[in-house]
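Below is one structure, written out as structure tokens; the observations come after it.
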Amino acid sequence: VILRKSRRHSKSLGPVASFLLLGDDGIGKRYLSRVLSKLLYRSGRVEVFDCERITPESLIGIKGRPGDLLEMVRQEPFQMLIFERIEKASAALVGVLLRLLSTGQLTQPGTDSAVSFQHATIVITTYSSELIANLDEATLGRSMWQQRVGEYLRDERQLDSGLLSAIDEVLLCDPPSDEVKAEVISLLLRKECSNHGIELSHVDPIILGTQVLQLDEATGFAHAPSRIKKLLSRPLVAAAADEHDSLSLRVAPDTLRTKLTNAMR
38 VILRKSRRHS KSLGPVASFL LLGDDGIGKR YLSRVLSKLL YRSGRVEVFD
88 CERITPESLI GIKGRPGDLL EMVRQEPFQM LIFERIEKAS AALVGVLLRL
138 LSTGQLTQPG TDSAVSFQHA TIVITTYSSE LIANLDEATL GRSMWQQRVG
188 EYLRDERQLD SGLLSAIDEV LLCDPPSDEV KAEVISLLLR KECSNHGIEL
238 SHVDPIILGT QVLQLDEATG FAHAPSRIKK LLSRPLVAAA ADEHDSLSLR
288 VAPDTLRTKL TNAMR
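With the working numbering as the guide, the letters of the sequence shown map in order to residues 38 to 302.
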């Protein structure tokens, strides 16, 4: 990424980098993007756009009214943008994304003022397939593997060849290990606590393990946030009522029921 960043800056075109992530829903593509965002920008913040629900007008605006994307990047140029389910994008939306990747800027209709994306990182996602999963990158080599994947996405999934060519890297996201699942669950627990102004100081491994066991291949992490909200709802209310700013989640050994201990700093 650092090498690509230098190359992009030297050409003065395009964003910092662009990635196409292949993988089923819920396997951690957003989490991977947040990790990358934290490495690049320290914040770990990402902005997510669903290609099935957005339009070119909602992104770049219309005459007299700027779009959400342009306003967002104008105010904060250094950030990561995720465009999910590119296979659902309209031809007009693909054209906007291609322009963004190729020129590193977008212009609101009816104006001459362009918004630069040269400090942004672009992530585009789509689902994988058995054919792609069976392609052996080690045997084919990185360049040939990416070429074969691009051909499949173009011919079988009808993705725009120009857009595929403009993307820097294609990455296959394998299902996460139990260790990675536990790390993601821990991150979600801490994020939920942080949203309520409370620090999560400790999580019992049994609690993490229980949450990991509830994940399934079909939905991945898709339902994890709602389960975590439910798990933490009572302890967060109790911590706030007692004016505690730290929360520890533990399991009582005798009953294996969650024992919640609030600790004052």
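All residues carry an ideal CB built from backbone N, CA and C; glycine is no exception. On a predicted model such as this, the values are computed, not experimentally measured, just so you know.
Applying the criterion that 16 or more other CB atoms from any shown protein chain within 10 Å of the CB defines a buried residue, is residue i buried or exposed?
i: T148; result: exposed
i: G51; result: buried
i: P93; result: buried
i: Q195; result: exposed
i: A275; result: exposed
i: L293; result: Unreliable positioning characterises L293 in this predicted model, as indicated by a pLDDT of 48, which lies under 50. A coordinate reading is not provided.
i: E121; result: buried
i: G60; result: buried
i: V85; result: exposed
i: S74; result: buried
i: A157; result: buried
i: S198; result: exposed
Could you tell me the alpha carbon to alpha carbon distance between residue i and residue j, rounded to whole angstroms?
i: V249; j: I99; result: 45 angstroms
i: S150; j: V53; result: 21 angstroms
i: Q142; j: T256; result: 35 angstroms
i: L177; j: F154; result: 33 angstroms
i: M301; j: Y68; result: Residue confidence for M301 is low, a pLDDT of 41 falling below 50, so the modelled location carries little weight; the figure read from the coordinates is stated next. Those two C-alpha atoms are separated by around 31 angstroms.
i: L208; j: V217; result: 17 angstroms
i: S95; j: Q112; result: 17 angstroms
i: V152; j: R71; result: 23 angstroms
i: A170; j: P213; result: 14 angstroms
i: E174; j: E89; result: 30 angstroms
i: S139; j: R79; result: 26 angstroms
i: L273; j: E229; result: 9 angstroms
i: A128; j: L135; result: 10 angstroms
i: K66; j: G187; result: 19 angstroms
i: R287; j: I119; result: 35 angstroms
i: G104; j: R179; result: 37 angstroms
i: F115; j: I91; result: 22 angstroms
i: A277; j: P242; result: 24 angstroms
i: K266; j: R185; result: 42 angstroms
i: R271; j: V131; result: 45 angstroms
i: L224; j: G81; result: 12 angstroms
i: D215; j: Y189; result: 30 angstroms
i: L245; j: Q183; result: 36 angstroms
Whose C-alpha, out of the options, is nearest the C-alpha of residue i?
i: D62; options: L96, L138 and T162; result: T162
i: Y164; options: L57, S223 and Q183; result: L57
i: L77; options: M117, I91, R227 and L50; result: M117
i: D211; options: L172, L245, Q184 and T140; result: L172
i: R191; options: L107, L201 and W182; result: L201
i: I123; options: I159, P114, K228 and V110; result: I159
i: E167; options: A276, L106, E193 and Q184; result: E193
i: I64; options: S180, R82, R136 and E220; result: E220
i: A261; options: I222, R136 and N232; result: I222
i: V83; options: V110, L59, L135 and G104; result: V110
i: L107; options: W182, Q184, Q145 and R227; result: Q145
i: D87; options: G132, S198 and A126; result: A126
i: M181; options: G199, E206 and A157; result: E206
i: R264; options: D105, V133, T247 and Q184; result: T247
i: F258; options: V131, R185, P114 and L226; result: L226
i: V133; options: P242, K266 and A203; result: A203
i: N232; options: Q183, S198, P242 and L269; result: L269
i: R137; options: L224, S55 and L245; result: In the sequence under discussion, the amino acid at residue 137 is Leu, which differs from the Arg named in the question. Comparing Cα positions, the closest option is S55.
Enumerate, from N- to C-terminal direction, the unbroken beta strand (DSSP E) stretches of 3 or more residues contained entirely within the stretch 123 to 164.
-> 142 to 144, 151 to 153 and 158 to 163
With a cut-off of 8 angstroms, do at least 3 Cβ pairs link the stretch 233 to 252 to the stretch 83 to 100?
-> no
What are the complete alpha helix (DSSP H) segments, minimum 4 residues, inside the stretch 181 to 254?
-> 198 to 203, 215 to 232 and 242 to 250
Assess, as a yes-or-no matter, whether the stretch 237 to 248 is touched by the stretch 268 to 287 under the definition of 3 or more beta carbon pairs within less than 8 angstroms.
-> yes
Pick out the complete beta strand (DSSP E) segments inside the stretch 43 to 123, 3 residues or longer, and give them in chain order.
-> 54 to 59, 83 to 87 and 117 to 121
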